[in-house]
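See structure below.
Residue numbers (the numbering used here): 196 to 287.
Next up, the structure:
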């Protein structure tokens with residue numbers, strides 16, 4: 196996550212601190228801070244909001260829904276691909 200956050204224009208250490216890394220991800224995808232409260236405290240909704248946030252985060256790197264689904268099931272494979280691959284962050 197360190198390299199992924201650096202690609203996104205943030206400091207690398209922000210990607211490895213639990214809960215704070217979710218807050219930073221929400222800032223990167225331009226979502227309000229209260230999404231973090233939902234992602235932490237509201238059952239069922241936390242899964243939905245987390246998937247939406249992950250999808251929007253990966254879209255910033257030019258990845259589609261297939262990569263999002265792969266990341267949900269195989270994050271230890273897809274995040275290194277994202278971190279060390281040629282994918283560029285697009286803040287649009």
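Where a beta carbon is used, it is the ideal one built from N, C-alpha and C, also for glycine.
- request: Leaving out five residues on either side along the sequence, give the residues of the same chain with a beta carbon under 7 Å from the beta carbon of residue 252.
  value: Here residue 252 refers to the residue found at position 57 of the chain shown. Closer than 7 Å at Cβ, skipping near neighbours: 220, 223, 224.
query: Can you tell me whether residue 277 is buried or exposed, with buried defined as 16 or more other CB within 10 angstroms of its CB?
result: Translated into the one-based positions of the chain shown, residue 277 becomes position 82. Buried.
task: Let me know if residue 228 comes out buried or exposed under the rule of 16 or more other beta-carbons within 10 Å of its beta-carbon.
output: Here residue 228 refers to the residue found at position 33 when the chain shown is read from its first residue. Label assigned to residue 228: exposed.
message: Need the endpoints of the alpha helix (DSSP H) that residue 206 sits in, please.
response: Looking up residue 206 in the chain shown gives position 11. Note, residue 206: premise wrong, no alpha helix (DSSP H); not H, not E.
message: Contact defined as beta carbons within less than 8 Å: I believe residue 247 pairs with residue 241. What is the distance between those atoms, to the nearest angstrom?
response: Within the chain shown, residue 247 is the residue found at index 52, counting from 1. Within the chain shown, residue 241 is the residue found at index 46, counting from 1. About 11 Å; that fails the 8 Å criterion.
- request: Check whether the Cβ atoms of residue 200 and residue 210 lie closer than 7 Å to each other.
  value: Taking the chain shown and counting its residues from 1, the one referred to as residue 200 is at position 5. Taking the chain shown and counting its residues from 1, the one referred to as residue 210 is at position 15. Contact flag set, yes.
- prompt: Buried or exposed: where does residue 230 fall if 16 or more other Cβ atoms within 10 Å of its Cβ makes it buried?
  reply: Mapped onto the chain shown, residue 230 falls at position 35. Buried, by the Cβ-count rule.
- prompt: Taking the C-alpha atoms as reference points, what is the distance between residue 254 and residue 266?
  reply: Taking the first residue of the chain shown as 1, we reach residue 254 at position 59. Taking the first residue of the chain shown as 1, we reach residue 266 at position 71. So the alpha carbons of these two residues sit roughly 12 Å apart.
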